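Asks:
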Amino acid sequence: MKRFSALMIATVLLLLVLAYGVGVMTRHQPLEALDESTLQFVLDHRDPTRSGIVVLVTALFGPLWVAVMTMTAAGVAFVADRTVVRALTIVATVSAAGGICEILKVVVHRARPPAIDQITTVETVNSYPSGHVTGIAALLLVLAVIITHTTLTRSIAIISALALTAVVAATRLYMAAHWLTDVSAAVALAGAAALTVPVAVRGVVLRFPIAATGTARHRHPAQGRHESR
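In our numbering, the protein residues as written are 131 to 359.
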């Protein structure tokens, strides 16, 4: 039942992302006014000190560093577990979310906020959804799912992941690199990946149990005879 509920939630999240993407493509954006007002709010509350901090934070959680963090987390999981299961789950979740994000960027082909409003390097590539937010949200959410064992700790981990994701999303809005709906769609996309990819990886492992061992175990022939009795 839990697996079915997770799949349903993930499906709804993905459909919302796709539906709004179609709206952008067809110029039917019900939240366009909210995007514009959010951008104006950001522009009205900028100051040099805050801008410097924002530029640093957004750089630390860019796609390159998220990739490094993903591989590091996967490496730690593999060493700790002596299996590839959690390591593969981390890499697969972030990769799936990132891959879908890049496809949507190309298909939707949404323009960024005006270049004159952006801070530092002007970003002109497709805007929907946010790659920064998709990557860090997928990584943090999948870690929250696979490293916790109780409902309470998992809830705390997910809330913490969403809080840090919100900080990264805020930096992208502050820099006028994305619209509010770009970062919102990114969180939804990452959530869908975190809900489904770990289940898919476990399904693969159950079909191919050798993948769970990481390395083959060699037994003494006498041990094999003893166990077969």
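Yeah, the Cβ is synthetic: ideal placement off N, Cα and C, and Gly gets one too.
As the structure is a prediction and not an experimental result, all values here were calculated from the model.
Which of the three DSSP states is assigned to A316 in this structure?
Replies: Working through the sequence shown from its first residue, we reach residue 316 at position 186. Reduced to three states, the DSSP call for A316 is helix.
Asks: Can you say whether F191 is buried or exposed, counting buried as having 16 or more other CB atoms within 10 angstroms of its CB?
Replies: Counted from its first residue, the sequence shown places residue 191 at position 61. The residue in question, F191, is buried, as its Cβ has 16 or more Cβ neighbours within 10 Å.
Asks: Are the C-beta atoms of A136 and some chain C residue less than 8 Å apart?
Replies: Given the protein chain composition of this structure (a single chain), no chain C is represented.
Asks: For D211 and V221, what's the separation of their Cα atoms in angstroms?
Replies: Within the sequence shown, the letter at position 81 stands for residue 211. Within the sequence shown, the letter at position 91 stands for residue 221. Approximately 15 Å, taken between the alpha carbons.
Asks: Counting Cβ pairs closer than 8 Å, one from the stretch 283-302 and one from the stretch 232-244, do we hit at least three?
Replies: no
Asks: With distance defined between alpha-carbon atoms, name the residue in I286, A189, G205 nearest to T251.
Replies: To locate residue 251, count along the sequence shown from 1; it is residue 121. Nearest C-alpha to T251: A189.
Asks: For A217 versus A207, is the C-beta spacing smaller than 8 Å?
Replies: Sequence index remark: in the sequence shown, residue 217 carries index 87 (1-based). Sequence index remark: in the sequence shown, residue 207 carries index 77 (1-based). Taking 8 Å as the Cβ cut-off, A217 and A207 qualify as a contacting pair.
Asks: Using 8 Å as the threshold, is the C-beta distance between L269 and G321 below it?
Replies: If you number the sequence shown from 1, residue 269 lands on position 139. If you number the sequence shown from 1, residue 321 lands on position 191. Cβ distance not < 8 Å, so L269 and G321 don't count as in contact.
Asks: I'd like the list of long-range same chain contacts for G205, defined as Cβ closer than 8 Å, with 5 residues on each side in sequence excluded.
Replies: Position 75 of the sequence shown holds residue 205. Closer than 8 Å at the Cβ level, and outside the excluded window around G205, lie A217.
Asks: Taking buried to mean at least 16 other C-beta atoms within 10 Å of its own C-beta, is A245 buried or exposed?
Replies: Taking the first residue of the sequence shown as 1, we reach residue 245 at position 115. Taking all protein chains shown into account, A245 has fewer than 16 neighbouring C-beta atoms within 10 Å of its C-beta and is therefore exposed.
Asks: Is A306 closer than 8 Å to L169 when the C-beta atoms are compared?
Replies: Taking the first residue of the sequence shown as 1, we reach residue 169 at position 39. Taking the first residue of the sequence shown as 1, we reach residue 306 at position 176. Yes, these two residues count as a Cβ contact at 8 Å.
Asks: Round the Cβ separation of V172 and Y304 to the nearest angstrom and send it over; I've been treating them as touching at under 8 Å.
Replies: If you number the sequence shown from 1, residue 172 lands on position 42. If you number the sequence shown from 1, residue 304 lands on position 174. At roughly 5 Å, the Cβ-Cβ gap stays under 8 Å, so V172 and Y304 are in contact.
Asks: Assign V255 to one of two classes, buried (16 or more other C-beta atoms within 10 Å of its C-beta) or exposed (fewer than that).
Replies: Indexing the sequence shown from 1 puts residue 255 at position 125. By the 10 Å Cβ count, V255 comes out exposed.
Asks: Can you give me the start and stop residues for the alpha helix (DSSP H) that Y258 sits inside?
Replies: In the sequence shown, the residue the question calls residue 258 occupies position 128. Premise fails: Y258 is in no alpha helix (DSSP H) and is neither H nor E.
Asks: Assuming P193 and G151 make a contact with CB atoms under 8 Å, what is their CB distance in whole Å?
Replies: What you label residue 193 is simply residue 63 of the sequence shown in a count that begins at 1. What you label residue 151 is simply residue 21 of the sequence shown in a count that begins at 1. Not confirmed; about 20 Å, so no contact.
Asks: I need the straight-line Cα distance from Q248 to I183, nearest angstrom please.
Replies: Counted from its first residue, the sequence shown places residue 248 at position 118. Counted from its first residue, the sequence shown places residue 183 at position 53. Computed Cα separation, rounded: 15 Å.
Asks: Within this structure, are the beta carbons of V263 and A299 separated by less than 8 Å?
Replies: If you number the sequence shown from 1, residue 263 lands on position 133. If you number the sequence shown from 1, residue 299 lands on position 169. Between V263 and A299, the C-beta spacing is below 8 Å.
Asks: Just to confirm, is the Cβ distance from T202 to V327 under 8 Å?
Replies: Indexing the sequence shown from 1 puts residue 202 at position 72. Indexing the sequence shown from 1 puts residue 327 at position 197. The answer is no: Cβ separation not under 8 Å.
Asks: What first and last residue would you give for the alpha helix (DSSP H) that runs through L169?
Replies: The residue labelled residue 169 in the question sits at position 39 within the sequence shown. Start and end: 162-174.
Asks: Does DSSP put V185 in a helix, a strand or coil?
Replies: For the purposes of this step, residue 185 is identified with residue 55 of the sequence shown, where counting begins at 1. V185: helix per DSSP, three-state reduction.
Asks: Where are the beta strand (DSSP E) runs, 3 residues long or more, that stay fully inside the stretch 239-301, in chain order?
Replies: You should have found no qualifying run.
Asks: Could you tell me the alpha carbon to alpha carbon distance between M138 and R332, rounded to whole angstroms?
Replies: Translated into the one-based positions of the sequence shown, residue 138 becomes position 8. Translated into the one-based positions of the sequence shown, residue 332 becomes position 202. Roughly 18 Å separates the two Cα atoms.
Asks: Measuring alpha carbon to alpha carbon, tell me which of V196, I233, S290, A274 ends up nearest G265.
Replies: Counting from 1 along the sequence shown, the entry for residue 265 is found at position 135. Nearest C-alpha to G265: V196.
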